[in-house]
Structures are given as C-alpha cells and as structure tokens.
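Trainee: 2 is the number of the first residue of the sequence shown in our numbering; add one for each residue after it. C-beta: ideal position from N, C-alpha, C; glycine also. Everything numeric in this text was worked out from a predicted model, so none of it was measured.
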Amino acid sequence: PASSSSSSSSSSSAVVVHAVGHRWGAAFPLPSDEYAGMDSQLIRDRRFVACGDYFGPLSGRVEGAYLSGISAAEKLCREIE
C-alpha cells in the first residue's frame, strides 16, 4: 500500500470558501426540424453564415457547436475558392 505521508498538510493549496454554478438560460435550444437537419447556414446574397449549437443533431451540446463551426468554415472556404 502507498504511504499517505506525502499528502500531509504541508502543501499550500488555496481553500475554496464559496462556489456558485450557473447555467445560461438559453443553453437548451429547441431547434426546428429545419435547423436540426443542417449543420450551419450560408446565405450568399446577404454574405452571412450562421453556426452554433442550435444546428445539427447534437443541438445544445458543445460537440454540436464545434461541428457546426467546422461546417460553416468549410462552406466559407468553398465560397472563396
């Protein structure tokens, strides 16, 4: 068994005296079927691209936002080629 003497109180770690968690109210989007079926949206005539966790099958998750950003970047790259 490992010795517990290395975890003595001689370390100088800060003590947490107060902690608060907060979830953003809009962190749980309810996308329409239209947006759930696309990863991002490009509107050429307005020179506009939308992406984020509202799009795609992983709506409301950081993974969905990441994949949506990749999709938007790919669309932009195709437009400027």
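#1: Only counting the same chain, and skipping five residues up and downstream in sequence, which positions put a Cβ closer than 7 Å to that of Leu68?
#2: Out of Val16, Ser72, Arg62 and Val18, which has the shortest C-alpha to C-alpha gap to Arg24?
#3: Please go through the same chain and pick out, in chain order, the residues whose beta-carbon is closer than 8 Å to the beta-carbon of Pro32, but skip the five residues on each side of it.
#4: Under a three-way DSSP split, which group does Leu43 fall into?
#5: On a CA-only basis, which of Ala66, Cys52 and Glu80 is nearest Ala73? Give me that one, please.
Mentor: Quick look at the numbers:
#1: Here the set comprises Asp40, Gly57 and Leu59.
#2: If we check each option's Cα against that of Arg24, Arg62 comes out closest.
#3: Answer for Pro32: Tyr55, Phe56 and Ser60, listed in chain order.
#4: Reduced to three states, the DSSP call for Leu43 is strand.
#5: If we check each option's Cα against that of Ala73, Cys52 comes out closest.
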